[in-house]
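To start, the structure under review is shown below, and the notes come after it.
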Amino acid sequence: MAHQQLFESTKYTTGETMMEEDLIQEIEKFITTVYKMRELQKRYFRTRSRGALAESKNLEKQVDQWIEKQLSNGIMQMELLD
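Using the numbering used here, the first residue of the sequence shown is number 97, and each one after it goes up by one.
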């Protein structure tokens with residue numbers, strides 16, 4: 097399968113290849129984290145709760161770190177616009 101080749105050819109800094117199951121788990125975790133982050137953001141704007149703001153900022157940081165990791169590992173190819 098073409099998608100299998102893409103996953104198997106993705107190299108990490110350790111020299112290991114990411115297996116399809118691992119990638120699926122990573123993506124599921126990412127989606128769950130983004131969902132929780134958005135729920136906390138919505139709660140913050142409804143209630144102005146400092147706790148919701150702090151939790152959402154923590155999840156935003158995790159999302160940003162995940163994206164940076166994927167970009168540095170070559171999983172996601174993006175062209176940044178000037």
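Just so it is clear, CB atoms sit at the ideal spot from N, CA and C, and this is done for glycine as well.
Taken in chain order, no unbroken stretch of alpha helix (DSSP H) lies wholly in the region 133-159 with a span of 4 residues or more.
Taken atom to atom, the span from the alpha-carbon of residue 123 to that of residue 152 is near 19 Å.
Counting only the Cα atoms, residue 131 lies some 16 Å from residue 141. Across the set 118, 135, 143, the C-alpha of 135 shows the shortest separation from the C-alpha of residue 156. The beta carbon of residue 162 is closer than 6 Å to those of 126 in its chain, skipping five residues each way along the sequence.
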